Amino acid sequence: MRKPKNDLLQGTLALLVLKTLVRGPLHGYGITLHIQMVSKDFLRVEEGSLYPALHRMEQDGWVSAEWGLSENNRRARYYQLTAKGRKQLAEEEKNWERLTEAVAHVLEFA
Amino acid sequence: MLRRNRLDQDLDEELRAHLEMRAADNAAAGMPPEESRYEAQKRFGNTALLKEDTRNVDIIGWLDEAVRDFRHALRVLQRSPGFTAVAVLTLALGIGANTAIFSVVNSVLIRPLPYGDPAGLVMVWETDSLHPNPHNTVSPPNFLDWQSRNTVFSGMIYIFDERDNLTGNGDPQEVVVQDVSVNFFPLLGVNLLLGPGFTPENGQAGHDNVVILAYGIWKERFAGDPAIVGKSIVLNGHPQTVVGVAPQNFQWFIKDGSLTGAKPQMWSPFVFPQGWSDHNGMGRFMTVAARLKPGATYSQAQAQMTAIGSQLEREYPDADGHWGVNVVPLGDYLSGELRPALLVLFGAVACVLLIACANVSSLLLARAASREREMAIRTAIGASRWRIARQLLIESLLLAVIGGGIGVSLAVWGTNALLGASPKNLLDLTAISVNLRVLTFAVAATLFAGLLFGFLPSYISAHSRISETLKEGGRGSSSAKSRAFARNAFVVAQLALALILLTGSGLLIRSFVRLIGVNPGFEADHVLTFKVSLPRHKYGKDPTCLAFFQQLLARINAVPGVRSATMESFPPLSSLGAATAVHVLSQPSLAVSDLPVASVRVVGPDYFRTMNIPLLAGRFFNAQELAEEKHVTMINQAFADKYLHGENPLGQKAAIYMKSLSEKEIQPSEIIGVVGDVHQIGLDTAPEPAVYWPHPELVMSAMTVLVRTEGDPLALVSTARDELQKLDPELPMAAVVTMDQLLADSFSRARFTMLLLGIFAAVALLLASVGIYGLIAYSVTQRTQELGIRIALGAQRSDVFRLVLSQGTRLTLLGVSIGVFAALALSRLLATLLFSVSPSDPLTFAGVAGLLAIVALLACFIPARRATRVDPIVALRYE
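Right, dumping it as structure tokens:
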């Protein structure tokens, strides 16, 4: 699979998406907007990575998808966190904390 | 494929929504519309690649799930081996029987004939409007006129067969030779295996001493000699040059046109002698086929030939009065006889498969009820309806595939058994095999069965309401009710289908019993028959021929163990014979074609006594009449009844149009006796009017010798052959068979159809009774608690018994009544296979309905008995 330059760290995208969905069901475009907005334009989600990731998460049972209507009455596919997805999110958050902690230790030590 | 398309469409729509939303936001932020779209698209990058990445994820995921479901299904089936075994066996039986019958249908009705462009080939017959026979042979002058006047055929061929004596290279052998027009092989579009074949020159008198060998005789008699072409063989004492060998799969055997009743072993060109174009001098004995011109249709051909037929009728009223022409596509003609029987059998096995499906479906429903909690829990933790339905469907398909696999092995074995049991000449032995088309059919039948029996259980399970199920423990819920209804419906359907099959086989059995009860008109046991044909070059003169047969019979009569020996021109039940016009002189004279028709049988000394045919009036032929021509004849009862209308036949004179078609040249024969009727064509065909001549009246060179013996007729074969070869070592003894065997062969087709349909009906009966047994047994298990309470509250055992049995009785009565109505509608399809039994024969219907009802109630009896033994204490503790 090709890797865009400013691609997010492997596994990070899933974490961000899962976290975004905690607030409620959202379509793909909404997810990109939310992440971009909350990260103050620092993180940009590539569509080329987002959709394969969303479909994979759907198959793993972390999210479920349903067709619904967007704010301006357009048919869009809404993704929603499942019970399994919540468990996965907790796991990923824990991993992320460990990772950042570890990176911080390395940085301090040098 | 369908699924992939749907995934694609979903993905397209999802991505389009994304693009449009982004573009709308861009525009809202003040970007010009075009730029806002462009920007949105740019951010997307390569849409095709993105779509492909996403789609791959989808498909891999879907396959993963399918594999998981498949594994799960395997585990589930392994967990209940009893259920799996019953379901698989039921399906194997249904699919196997269907595949076996389809392989026969395929080779008889579907497979292309071994000719080039067989669709363009037609048979052209004459028909006599006074004596309906759609497939009458053709006279040479009519053939010539048809050929010159028609514009619809690109070519026509004629064929007539004879038995010739092949000598040299080993023992003398009688061979069946078809005399054909030189264009025979090219018109049929057949390329020879070896040799150049006939040239147009072979169609001229004096150049026709060439033959083409059939594959079989080339292999057997000539050891497959690759250099056979150009060599010479001796037929009836004349050398013939071999100019070709036909391919292995080639054959041409048209039963209605065959004079020998046997498949050809070689072909020889035949040139019409002078005089064969004379309409008033020729009989009808040739088979004619033709090829339609490209673009010409079969109905155009029929229309034109009918017109030509009427022209000939006007031009030659004596020979062709009330004769017409019948054009039949070759394929229809060849499959015509077997088609009704095969279609009935095919319908019957399809019924068996439906019953098998209903049975397995019923089993699945029972199981689904006990797995309802498993399903409810799976739904509760997030499985979709589709997921659950799919899992159950995959289980069904797995069952079907295992059953189908075993079924195909059964079919391979069954097809061979079928061929073993089938009468010879009924099915073409080499032509049937389980090939690609048959396998495709088996796969289709398997998938169809799997989906059919799997659909309803999956559907009901997928639509059950979780909350209800979890609350009620699977009983009394709406899905349980729809399951109970479906199971009842399946049992009723099975019983109805079984009744249809039982009716069919019941009718065939009744018909068969009638058939074997027919008195053939002669005594068949302890009679040996064989055929002797004298070659014309050696025995061309009548006295030589007469003397030979007299000596032969005298020799055989002298053999110990022989009661009497006689001979006849065509043996009974062989469906061969000669027939011609007869003018009883006391009646007004008519044109030849308007005269009554009778079959002519030439007999030897003691014929009627040897065959035990009763003398009804007058006397038998005396020794003088059997030694020289005295112009006497005997008639049968049918002749007297049909043509003499109560007049005394004895002493009447009759002109028999055998040796000439002109009455002036005919010396009338005096009727000296009347004998009982004999079924000449078959037991299912009414005896035809016949006249008998002693051998000197019509000296035939080919006769069937009939020997009545003390013991086993076949024990005398070698002695009889010795006696024959003492007279002439070059003469073969042909068509050796006992009369009992001929009789058995004559109803072998009826027996075969009856046997097969009987087997299918038995299977149907078994499956249907297992079905109703399973249902009642299951419902007793389900109602254990209720029954226990009833007993505890004082219900008598007999009340419980009646309660359970009444459920089975209701279903049985419903199934049987529906079945009777369906069978009444369908049994008409059997009409052509029945002999003197009406398709709505009340006795058969009452009998099979009673049988089915009794068997079904017996099947209910066992679980009903069990219900009476329910222990209330145990029942109340149940669960």
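Residue numbers (this note's numbering), protein chains in the order written: chain A, 1301 to 1410; chain E, 2 to 880. We put the beta carbon where it would ideally sit given N, CA and C, even for glycine. Computed from a prediction, not measured in an experiment: that's the story for all the values here.
Run through the DSSP bridge pairs and tell me what residue i is partnered with.
i        : result
W253(E)  : Note: W253(E) sits in no beta bridge, so no partner.
A579(E)  : V601(E)
V692(E)  : V601(E) and I636(E)
R709(E)  : V528(E) and S565(E)
F154(E)  : L293(E)
W1367(A) : R1377(A)
M124(E)  : A290(E) and V329(E)
Y159(E)  : V289(E)
D129(E)  : W324(E)
I657(E)  : V583(E)
I234(E)  : Q241(E)
V139(E)  : M287(E)
S336(E)  : BP columns for S336(E) are empty, so no partner.
A703(E)  : S534(E)
T739(E)  : L529(E)
Give me the Cα-Cα distance between residue i and residue j, rounded to the nearest whole angstrom.
i        : j        : result
A308(E)  : G325(E)  : 9 Å
P115(E)  : G121(E)  : 13 Å
I356(E)  : F846(E)  : 20 Å
P493(E)  : L812(E)  : The identity of residue 493(E) in the sequence shown is Val, whereas the question assumes Pro. The straight-line gap from Cα to Cα measures roughly 6 Å.
S182(E)  : F273(E)  : 9 Å
L554(E)  : G562(E)  : 14 Å
T100(E)  : R709(E)  : 45 Å
E630(E)  : Q241(E)  : 36 Å
M659(E)  : T581(E)  : 6 Å
H1405(A) : W1362(A) : 32 Å
G619(E)  : G674(E)  : 4 Å
A370(E)  : L1318(A) : 38 Å
T1(E)    : L509(E)  : Residue coverage of chain E in this structure runs from 2 to 880, which leaves residue 1(E) outside it and unanswerable.
K665(E)  : A655(E)  : 13 Å
In this structure, does DSSP put residue i in helix, strand or coil?
i        : result
K482(E)  : helix
M734(E)  : coil
L651(E)  : coil
R867(E)  : helix
L167(E)  : strand
W268(E)  : strand
L355(E)  : helix
I1331(A) : helix
V1317(A) : helix
T200(E)  : coil
S749(E)  : helix
L194(E)  : coil
L1326(A) : strand
Between which two residues does the beta strand (DSSP E) harbouring residue i extend?
i       : result
G245(E) : H239 to V246
A291(E) : T288 to L293
V230(E) : No beta strand (DSSP E) contains V230(E), which DSSP labels as neither H nor E.
A618(E) : L616 to G619
I1(E)   : As displayed, chain E neither begins before 2 nor continues past 880, which places residue 1(E) out of reach and without an answer.
Provide the residue span of the alpha helix (DSSP H) that contains residue i, from first to last.
i        : result
E175(E)  : That residue, E175(E), is in no alpha helix (DSSP H); its beta strand (DSSP E) goes Q174 to V181.
A555(E)  : D543 to N558
I672(E)  : Here I672(E) belongs to no alpha helix (DSSP H); instead the beta strand (DSSP E) covers S670 to V676.
L815(E)  : R798 to L827
L684(E)  : L684(E) -> no alpha helix (DSSP H), and no H or E assigned at all.
M32(E)   : Taken as a continuous stretch (DSSP letters only), M32(E) belongs to no alpha helix (DSSP H), as it is neither H nor E.
G1395(A) : For the record, residue 1395(A) in the displayed sequence is Asn; it is not Gly. A1383 to F1409 is the extent of the alpha helix (DSSP H) around N1395(A).
G97(E)   : P82 to V106
Between residue i and chain C, is the shortest Cβ-Cβ distance under 8 Å, so that the two count as touching?
i     : result
D9(E) : Among the chains of the structure shown, chain C does not appear; the protein chains present are A and E.
- Stretch-stretch touch, CB-based, cutoff 8 Å, three pairs: the stretch 399-410 of chain E with the stretch 442-455 of chain E: yes
- Spell out a yes or no on whether the stretch 491-508 of chain E and the stretch 690-707 of chain E are touching, meaning 3 or more CB-CB pairs, one atom from each, closer than 8 Å. In this structure the stretch 491-508 of chain E does not lie against the stretch 690-707 of chain E, because fewer than three pairs of beta carbons, one per stretch, are closer than 8 Å.
- the stretch 163-180 of chain E contacting the stretch 192-201 of chain E, beta-carbon criterion three pairs below 8 Å: A contact is defined here as three or more CB-CB pairs under 8 Å, and the stretch 163-180 of chain E fails this definition with respect to the stretch 192-201 of chain E.
- Is it a yes or a no for the stretch 14-21 of chain E touching the stretch 1325-1334 of chain A, going by three-plus beta-carbon pairs under 8 Å? yes
- Quick check: the stretch 785-802 of chain E against the stretch 865-873 of chain E, are there 3 or more CB pairs under 8 Å? yes
- Message: Tell me whether the stretch 592-599 of chain E and the stretch 305-321 of chain E touch, counting them as touching only if at least three CB pairs, one residue from each stretch, are closer than 8 Å.
- Response: yes
- Would the stretch 134-146 of chain E and the stretch 351-365 of chain E be scored as touching if the rule is three or more Cβ pairs under 8 Å? no
- Three-pair Cβ contact test at 8 Å for the stretch 1386-1398 of chain A versus the stretch 1335-1350 of chain A: no
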